[in-house]
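Participant: Please see the structure below; I have some questions.
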Amino acid sequence: MATLRDVARAAGVSPATVSRVLNGNQQVAPELRERVQQAALKVGYQLANLRRPRTVPRQVGLIVPHVSSPFYCEVLAGVEREAFQRGYDLIFFTTQGRSHRNVIERVLQAPQVAGLVVITPRHGEERLLIDHPDAPPVVVVDHRSAGSPYPHVVVDNLRGAHKAVSYLVSKGYRDIAMLRGPESIQSSVDRIRGFLLALQEAGLPTGPDRVWAGDFEQRSGYEAVARRLDKGQKMPRAIFCANDLMALGAIAALRERGLRVPEDVAVMGFDDLPLAAASVPPLTTVRQPIQEMGAIAFRMVVRLAQGETLESERIVLDTELVVRGSA
Numbered sequence: 000m001a002t003l004r005d006v007a008r009a010a011g012v013s014p015a016t017v018s019r020v021l022n023g024n025q026q027v028a029p030e031l032r033e034r035v036q037q038a039a040l041k042v043g044y045q046l047a048n049l050r051r052p053r054t055v056p057r058q059v060g061l062i063v064p065h066v067s068s069p070f071y072c073e074v075l076a077g078v079e080r081e082a083f084q085r086g087y088d089l090i091f092f093t094t095q096g097r098s099h100r101n102v103i104e105r106v107l108q109a110p111q112v113a114g115l116v117v118i119t120p121r122h123g124e125e126r127l128l129i130d131h132p133d134a135p136p137v138v139v140v141d142h143r144s145a146g147s148p149y150p151h152v153v154v155d156n157l158r159g160a161h162k163a164v165s166y167l168v169s170k171g172y173r174d175i176a177m178l179r180g181p182e183s184i185q186s187s188v189d190r191i192r193g194f195l196l197a198l199q200e201a202g203l204p205t206g207p208d209r210v211w212a213g214d215f216e217q218r219s220g221y222e223a224v225a226r227r228l229d230k231g232q233k234m235p236r237a238i239f240c241a242n243d244l245m246a247l248g249a250i251a252a253l254r255e256r257g258l259r260v261p262e263d264v265a266v267m268g269f270d271d272l273p274l275a276a277a278s279v280p281p282l283t284t285v286r287q288p289i290q291e292m293g294a295i296a297f298r299m300v301v302r303l304a305q306g307e308t309l310e311s312e313r314i315v316l317d318t319e320l321v322v323r324g325s326a
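Numbering that gives the first Met the number 0 puts the first residue of the sequence shown at 0, with every later residue one more than the last.
As structure tokens, then:
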């Protein structure tokens, strides 16, 4: 009995392309569709499939680094809400600890995929999609890679960080440090730039000791503060953390060592995750519309799958200062 691979060899295409043609994917060029159909007839592959009415794909794929991050879960919630309202199904894959090439291949082999939403792409995922002949429309959430042609949805991270530090300065804090995220992620780099710009405008020191290394995980926030305190180093009067998780870790390290927040050290985050308001003290932070980022990206990829042209391929959303008890 003939298989998809038999059809692919006869047509000179990949099995993923054969799958798309036989499932009625309208994103395949007419000439290529005809070639695959003729090859399927030639090898005797499930001829009934070729007579079924073509349907519009009602499935969108998602690629996300991992699902242990509250940020990624919030993006996924926005995508899922929009998909449900529009009658689409979702399939998603995580890339943590896996070959990115294998993940891309698995996603693209799924039948009836109208498009892909890629969240915070890393390690050449976009290049793999660009080079893949069967890739459907793609929209990126968070910053795309340099040279990427894909539409993307971001927040104004530079302005958001600037807003946070300007607030701290307005409250009278002059000795301010930042706990940054990975420098390989553009949103983290933009928050560093916003932090330094606000310090420069206020005439405050901007030396390398002002920016501490972190990785967006709660543990790194805890360790960055604990390490300095355990070595007897003086704490700054305020710490701006590049996300809420690191801020919560920093608060835990300060409180464990007898320092009060904000009386001794003020702490500020970035995200406004649901757990920010429940922290002790409640976290002052910068709110970014995380779920809305996912919803907008989903609407964009569906429009592209339907052959529409986007008015803008770069959507930049604003942030909002949320003042609570930690700063």
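Built from N, CA and C at the ideal position, the CB exists for glycine as well.
1) Ordered along the chain, which non-local residues of its own chain (more than five positions away) have a Cβ less than 8 Å from that of SER13?
2) Output the boundary residues of the alpha helix (DSSP H) element that contains GLN232.
3) Just how far apart, CA to CA, sit LEU46 and ASP88?
4) Can you tell me which residues form a DSSP beta bridge with VAL116?
5) DSSP state of ALA241, grouped into three classes?
6) Does the beta-carbon of GLU200 have 16 or more other beta-carbons within 10 angstroms, so that it is buried, or is it exposed?
7) Rounded to whole angstroms, what is the Cα-Cα separation between ARG57 and ALA176?
8) Compute the distance between the beta-carbons of SER219 and PRO281, then report whether it is under 8 Å.
9) With distances taken between CB atoms, is the gap from THR284 to GLY268 smaller than 8 Å?
10) Rank LEU40, VAL102, VAL116, ARG100 by C-alpha distance to the C-alpha of ALA76 and give the top, closest one.
11) Cα separation between PHE297 and LEU303?
12) For a test of the three-state rule: what should DSSP assign to LEU272, helix, strand or coil?
13) If you run the structure through DSSP and keep just helix, strand and coil, what is ARG286?
14) Going by beta carbon distance, what residues of the same chain come within less than 8 Å of PRO64, once the five residues before and after it are set aside?
15) Determine which residues share a DSSP beta bridge with MET177 and list them.
16) So, at 6 Å on beta carbons, what are the nonlocal neighbours of ARG51 in its own chain, with the 5 sequence-adjacent residues on each side left out?
17) Only counting the same chain, and skipping five residues up and downstream in sequence, which positions put a Cβ closer than 7 Å to that of VAL224?
18) What separation, rounded to the nearest whole angstrom, lies between the Cα atoms of ARG323 and GLU262?
19) My assumption, with CB atoms under 8 Å, is that VAL27 sits in contact with ALA113. Please give the rounded CB distance.
20) If we count the other Cβ atoms within 10 Å of its Cβ and call it buried at 16 or more, is GLU182 buried or exposed?
21) With DSSP as the reference, please indicate the residues paired to VAL152 in a beta bridge.
22) Where do the ends of the beta strand (DSSP E) carrying VAL266 lie?
23) Determine the burial state of THR2: buried for a count of at least 16 other Cβ atoms within 10 Å of its Cβ, exposed for fewer.
24) Where ALA277 and LEU228 are concerned, what is the direct C-alpha to C-alpha distance, given to the nearest angstrom?
25) When the Cα atoms are used, what is the spatial distance from ARG34 to THR16?
26) Rounded to whole angstroms, what is the Cα-Cα separation between ARG4 and SER18?
27) Mapping the DSSP letters down to three states, classify PHE91 as helix, strand or coil.
28) Run the CB neighbour count on SER186, radius 10 Å, all protein chains shown included, and call it buried at 16 or more, exposed below.
29) Run the CB neighbour count on LEU178, radius 10 Å, all protein chains shown included, and call it buried at 16 or more, exposed below.
30) Where does VAL260 sit, in a helix, a strand or coil, going by DSSP?
31) Work out the CA separation of ALA10 and VAL321 for me, nearest whole Å.
32) So, with DSSP's three-state summary, where would you put ARG100?
33) With a cut-off of 8 Å, do at least 3 Cβ pairs link the region 227 to 246 to the region 162 to 173?
34) Is the beta carbon of LEU127 less than 8 Å from the beta carbon of ARG100?
Facilitator: In short, the structure shows the following:
1) Excluding sequence neighbours, SER13 sits near ALA7, PRO132, ASP133.
2) For GLN232, no alpha helix (DSSP H) segment is defined, and its DSSP state is neither H nor E.
3) The predicted position of LEU46 is uncertain, since its pLDDT is 48 and thus under 50; no value can be drawn from it.
4) DSSP lists LEU61, VAL138 as partners of VAL116.
5) Correct three-state label for ALA241: coil.
6) Taking all protein chains shown into account, GLU200 has fewer than 16 neighbouring C-beta atoms within 10 Å of its C-beta and is therefore exposed.
7) Taking the straight line from one Cα to the other gives about 48 Å.
8) Note that the C-beta distance between SER219 and PRO281 is not below 8 Å.
9) Contact annotation: THR284 and GLY268 have beta-carbon atoms nearer than 8 Å.
10) Closest by alpha carbon: VAL116.
11) So the alpha carbons of these two residues sit roughly 10 Å apart.
12) In the structure shown, the three-state DSSP call for LEU272 is coil.
13) Here DSSP, grouped into helix, strand and coil, assigns ARG286 to strand.
14) The residues are TYR71, THR93, THR94, GLN95, ILE118, THR119, ARG121.
15) VAL210, PHE239.
16) Note that ARG51 has pLDDT 45, beneath the 50 cutoff, so the model's placement of it is unreliable and the number below is only indicative. Cβ neighbours of ARG51 beyond the five flanking positions: none.
17) Hits under 7 Å: ALA249, ALA252, LEU253.
18) Taking C-alpha positions only, ARG323 is separated from GLU262 by approximately 14 Å.
19) VAL27 to ALA113, Cβ: 13 Å. No contact.
20) So GLU182 counts as exposed.
21) Answer by DSSP bridge pairing, in chain order: VAL140, ILE314.
22) Segment 265 to 267, the beta strand (DSSP E) holding VAL266.
23) THR2 is classed as exposed because its beta carbon has fewer than 16 other beta carbons within 10 Å across all chains shown.
24) When rounded, the separation of the alpha-carbon atoms in ALA277 and LEU228 is 25 Å.
25) So the alpha carbons of these two residues sit roughly 11 Å apart.
26) It is roughly 10 Å from the alpha-carbon of ARG4 to the alpha-carbon of SER18.
27) Of the three classes helix, strand and coil, the one that applies to PHE91 here is strand, per DSSP.
28) By the neighbour-count rule (16 or more Cβ atoms within 10 Å), SER186 is buried.
29) The residue in question, LEU178, is buried, as its Cβ has 16 or more Cβ neighbours within 10 Å.
30) In the structure shown, VAL260 sits in coil (DSSP, three-state: anything other than H, G, I, E or B).
31) Rounded to whole angstroms, the separation of the alpha carbons of ALA10 and VAL321 is 58 Å.
32) In the structure shown, ARG100 sits in a helix (DSSP, three-state: H, G or I).
33) In this structure the region 227 to 246 lies against the region 162 to 173, because at least three pairs of beta carbons, one per stretch, are closer than 8 Å.
34) Between LEU127 and ARG100, the C-beta spacing is below 8 Å.
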